[in-house]
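Engineer: When we follow my numbering, the leftmost residue of the sequence shown carries the number 2, and every step to the right adds one.
Let me begin by handing over the structure; questions about it come next.
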Amino acid sequence: MRRISSTLRTLTAACLLGAATVGGALATAPVAGAAPSGALACGWDPDAASGRAYYNHCTSDGSWIWIRVERHGASGFDKCVGPNRTYLGSTSVIRYAWYKGGTC
2 MRRISSTLRT LTAACLLGAA TVGGALATAP VAGAAPSGAL ACGWDPDAAS GRAYYNHCTS
62 DGSWIWIRVE RHGASGFDKC VGPNRTYLGS TSVIRYAWYK GGTC
C-alpha cells in the first residue's frame, strides 16, 4: 500500500502543478509536508498532537471533490468534501486520504 500511496501523492502533486498554470506562468502549488510554518497542508493533513485526521481541499473556485479514505484494518470509502479542512475521524481509524478525482 505504501508504494500506491507514494505514487498517488506524486500524481496528485503533478496534477496540482499542472492545474496551477495561470496566465501562462506556472504558479507553485504547496505540497503536503512542504507548507510554511503555521499553514495547513493541502490534501492529507493529520494532526498528530490531537490524533485527528483531516483532508484539506485547497481551492479558489469553491469546488467539492471526491476523495478516497483508507482505514486501518478495514475497507476504505469515498467521501465528497468541500473547500478547506474536513474532519475524517481519529488517526487510530483513518490511515490516509487522497484525491480520487472528479467533482461532486
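Backbone N, C-alpha and C fix where the C-beta goes; we use that ideal spot for every residue, glycine too.
Would K80 and I95 be called neighbours here (beta carbons separated by less than 8 Å)?
Structural biologist: Result no, Cβ atoms of K80 and I95 do not sit closer than 8 Å.
Engineer: Taking the alpha-carbon of P47 as reference, which of P84, V70, A75, F78 has the nearest alpha-carbon?
Structural biologist: Minimum Cα distance to P47 is reached at V70.
Engineer: Quick one: residues in its chain with C-beta nearer than 7 Å to the C-beta of L89, no 5 flanking neighbours on either side, listed in chain order?
Structural biologist: Here the set comprises A54, Y55, Y56, V70, I95, A98.
Engineer: What would DSSP say about A75, mapped onto helix, strand or coil?
Structural biologist: Strand, per DSSP.
Engineer: How would you write the range of the beta strand (DSSP E) that G103 sits in, first residue to last?
Structural biologist: Taken as a continuous stretch (DSSP letters only), the beta strand (DSSP E) holding G103 covers 95-104.
Engineer: Considering only C-alpha positions, which residue in the set T104, P84, L41 is nearest to S61?
Structural biologist: Checking every option, the nearest Cα to that of S61 belongs to P84.
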